[in-house]
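To start, the structure under review is shown below, and the notes come after it.
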Amino acid sequence: MPDKNVETDKCSKAIYSFISAYAKTIKNKSIMDVGCGTGLYTSIFNINKNKIFGLDIDDHRKKEYQANFIFKKYGGNKIPFRSNYFDFVVSFDVLEHVEDDVNFIKEINRVIKKGGQCLITTPNRYRLSNFIKILIGQAPKYPLLLADEGHLGKQVHIREYTKSDLKNLFQNIKVNNLRIKPFWFGLRGNLNTGLEKPFIPFLSQYWFISYNKK
36 MPDKNVETDK CSKAIYSFIS AYAKTIKNKS IMDVGCGTGL YTSIFNINKN KIFGLDIDDH
96 RKKEYQANFI FKKYGGNKIP FRSNYFDFVV SFDVLEHVED DVNFIKEINR VIKKGGQCLI
156 TTPNRYRLSN FIKILIGQAP KYPLLLADEG HLGKQVHIRE YTKSDLKNLF QNIKVNNLRI
216 KPFWFGLRGN LNTGLEKPFI PFLSQYWFIS YNKK
């Protein structure tokens with residue numbers, strides 16, 4: 036594993052493994068990662084003669100990933116590519132940080148080719164750790180400050196989503212085969228224990244959203 040957090044955190048390790056398996060199925064395609072961050076997940080797609088682009092509002096790429104894809108800055112509103120450009124668009128742990136989530140989804144859909152695919156991941160608002168906090172009267176309040184500093188700078192979740200929230204978000208977007216699947220169930224941090232396939236879906240750690248553009 037190329038990242039210490041992936042090696043130690045069971046949820047991160049499961050996500051990395053899932054994305055790695057997903058990437059192996061993609062060949063000779065143009066792929067964009069919106070909100071590429073350090074470049075960890077973006078770099079996974081640098082196989083099978085794919086052409087990879089990473090977008091972010093600032094360049095937070097770690098040195099070891101910089102040669103793996105073409106980086107472009109963007110202001111977070113209009114994606115700087117023409118419509119129907121990419122075969123695949125991915126975005127990992129970004130949607131919850133975006134002020135205008137409707138525009139974000141529309142822009143992603145705009146740059147995907149007809150029939151192209153999209154994969155988005157975002158934390159579940161009612162993941163097990165949050166559900167426990169709600170039960171003891173300490174429900175998270177949004178915007179939720181996660182970090183003031185670090186490699187990626189200040190990190191704030193503007194909102195988090197239930198499955199119903201995500202269905203509503205995508206209801207006016209022209210997509211086929213919309214799938215919103217739960218991923219991982221457990222507790223992170225010191226307990227660091229869980230299962231990749233949640234047996235209580237509404238308490239899953241993540242939602243994995245995928246679709247094809249109409």
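This note's numbering numbers the first residue of the sequence shown as 36 and each following residue consecutively.
Using N, Cα and C, we set each Cβ at its ideal position, and we do this for glycine too.
- For L238, there is no enclosing alpha helix (DSSP H), as DSSP marks it with neither H nor E.
- Using a Cβ distance threshold of 8 Å, Y196 and R145 do not count as a contacting pair.
- Excluding residues up to 5 positions away in sequence, H132, P178, L179, L180 and L181 lie with their Cβ nearer than 8 Å to the Cβ of V191 in the same chain.
- Note on geometry: alpha-carbon atoms of F80 and F116 lie some 19 Å from one another.
- Taking each of Y100, G70 and S78 in turn and checking the Cα distance to I92, the smallest one comes out for G70.
- A direct Cα-to-Cα measurement between P236 and K198 gives close to 10 Å.
- Across the set A58, G89 and G150, the C-alpha of G150 shows the shortest separation from the C-alpha of Y246.
- Looking only at Y76, K62 and I61, the smallest Cα-Cα distance to D68 is reached by Y76.
- According to DSSP, H192 shares a beta bridge with L179.
- In the displayed model, Y246 falls within a strand according to three-state DSSP.
- Taking C-beta atoms as the reference points, S78 and F53 fail to come closer than 8 Å.
- Within 10 angstroms of the beta-carbon of P217 lie 16 or more other beta-carbons, which makes it buried.
- Ranked by Cα distance from L90, the options K84, A102, G72 and K98 are led by G72.
- By the neighbour-count definition (other C-beta atoms within 10 Å, threshold 16), K248 is a buried residue.
- Cβ atoms of N227 and K45 come within 8 Å of each other, at about 6 Å.
- If you look at V210, you'll find it in the beta strand (DSSP E) that goes V210 to F218.
- When the Cα atoms are used, T156 and F139 turn out to be separated by approximately 14 Å.
- Per DSSP, reduced to three states, the secondary structure at T77 is helical.
- In chain order, N119, Y120, F121, D122 and K248 place their CB closer than 8 Å to the CB of K148, counting only its own chain and leaving out the 5 sequence neighbours on each side.
- Rounded to the nearest whole angstrom, the C-alpha separation of I169 and L238 is 12 Å.
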